[in-house]
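As numbered in mature numbering (1 follows the signal peptide of the UniProt record, and there is no 0), residues -26 to -1, 1 to 157 make up the sequence shown, in order. C-beta atoms are modelled at their ideal positions from N, C-alpha and C, and glycine is treated no differently. Structure, as structure tokens:
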Amino acid sequence: MALNKSKSFFFTFLLILVALFGVTVGGTVHKVGDSKGWTMMDVDYKAWASSRTFKVGDSLVFKYNNEYHDVTQVTPHDFELCDPSKPLTRYQTGSDTVTLTKPGFHHFICGVPGHCDIGQKIDILVLPASLGSVAAPVPGPVQSPSSLSAHHQMAPSPLQSGATKSASWIGFSLLALIFAYCY
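The following block contains the structure:
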């Protein structure tokens, strides 16, 4: 009987671990601007975005002082004009998480007058989740040839691809342990 109880405890413990890893493997969390956050100073958002691969299910975290900034999601046209007057969505808490739910280009600006004009704006290409880190064209808004050259490279950062592979391997290993122990 003691053996069955310890086996049951072990099985429950491993299931909890698998569940926890499953939650963290789901999508990558990208803190916009890294340690500097969403600001007007010293961040090249174009370079930041081009060093990452974004997929459906990933999240963008915008950290900023909401007394001076906001996050406004806009159309491609309003992105080019830095026009926040017709937002698709506006965030104003100072710590906003945006889950990427569909593939294509997504455009964000700071809606405070003048901020977007000096570079507080970011456009990202979101790939379908099934493509993983494989680069593939995604239908998006029609772009002029000059704006296409400004878009992003499609290689994942070593940190992103390594972290996802490690977490997947750990989850698989835990499942293998469960089956090996119980059967």
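Mind checking residue i: buried by the 16 CB within 10 Å criterion, or exposed?
i           : result
Q66         : exposed
Y42         : exposed
P87         : exposed
I92         : exposed
T75         : exposed
H51         : exposed
T27         : buried
T13         : buried
residue 158 : Because the chain here runs from -26 to 157, residue 158 falls outside it and cannot be looked at.
Looking at the strands, I want to know which residues DSSP matches up with residue i.
i   : result
H89 : BP columns for H89 are empty, so no partner.
D97 : H81
Which same chain residues, not among the five before or five after residue i, have their C-beta less than 6 Å away from its C-beta?
i           : result
F82         : V45, Q47 and I96
residue 160 : An answer regarding residue 160 cannot be provided, because it is not within the stretch -26 to 157 covered by the chain.
L34         : H4, V6 and V72
D70         : F36 and V45
Does DSSP put residue i in a helix, in a strand, or in coil?
i           : result
residue 161 : Because residue 161 is not part of the residues shown, which for the chain are -26 to 157, the question remains open.
Q127        : Legend: pLDDT at Q127 = 38, less than 50; position of this residue unreliable, no value from coordinates given.
Tell me which same chain residues have a C-beta within less than 8 Å of the C-beta of residue i, skipping the five on either side of it?
i   : result
W22 : V6, G7, D8 and I96
D18 : G93
N40 : Q66, T67 and G68
K32 : Checking the sequence shown, residue 32 turns out to be Asp, not Lys. Around D32: G1, T2, V3, H4, T73, L74 and V100.
Between residue i and the rest of its own chain, which residues show a CB-CB distance below 7 Å, the 5 nearest in sequence each way excluded?
i   : result
D16 : K10
P77 : V30, V100, L101, P102 and V112
F53 : H81, I83, K95 and D97
Looking at the C-beta of residue i, does it have a partner C-beta in chain C at a distance below 8 Å?
i   : result
D91 : This model lacks chain C altogether; it includes just one protein chain.
Contained beta strand (DSSP E) runs [length at least 3] in the region 21 to 54, N- to C-terminal order: 33 to 37 and 45 to 48
Those runs of the alpha helix (DSSP H) which lie wholly inside the region 54 to 85 and span at least 4 residues: Complete alpha helix (DSSP H) runs here, min 4: none at all.
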